[in-house]
Amino acid sequence: MIENYWGNALFSVVPTIALGLMFWLMLRSILRADRIERKVYAQIEAEERARLGLDKPVT
Numbered sequence: 010m011i012e013n014y015w016g017n018a019l020f021s022v023v024p025t026i027a028l029g030l031m032f033w034l035m036l037r038s039i040l041r042a043d044r045i046e047r048k049v050y051a052q053i054e055a056e057e058r059a060r061l062g063l064d065k066p067v068t
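In the numbering used here, the protein residues as written are 10 to 68.
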């Protein structure tokens, strides 16, 4: 066990920061993937609507 105050403080804070960083990275990747998927889906839908000659959907 470390008898140093700053060493104890560092060992207490580092795991919390590391877990927070990992959570942030996972959430960021999920949100980016969702955004890209929605963009691609909208593009495919627009191409299909143009191919079929349909109007744009009302938003």
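Beta carbons: idealized from backbone N, C-alpha and C, even for Gly. Predicted, not measured: the structure shown is a model, and the values here were computed from it.
- In the structure shown, L34 falls within a helical segment according to DSSP collapsed to helix, strand and coil.
- Here the alpha carbon of L30 sits roughly 10 Å from the alpha carbon of R37.
- Close CB contacts of E56 within its chain, under the 6 Å cut and outside five residues either way in sequence, are absent.
- Residues of the same chain with their beta carbon placed closer than 8 Å to that of W33 are lacking, with the five preceding and five following residues left out of the count.
- Within the same chain, and ignoring the five residues on either side of V23 in sequence, no residue has its Cβ closer than 8 Å to its Cβ.
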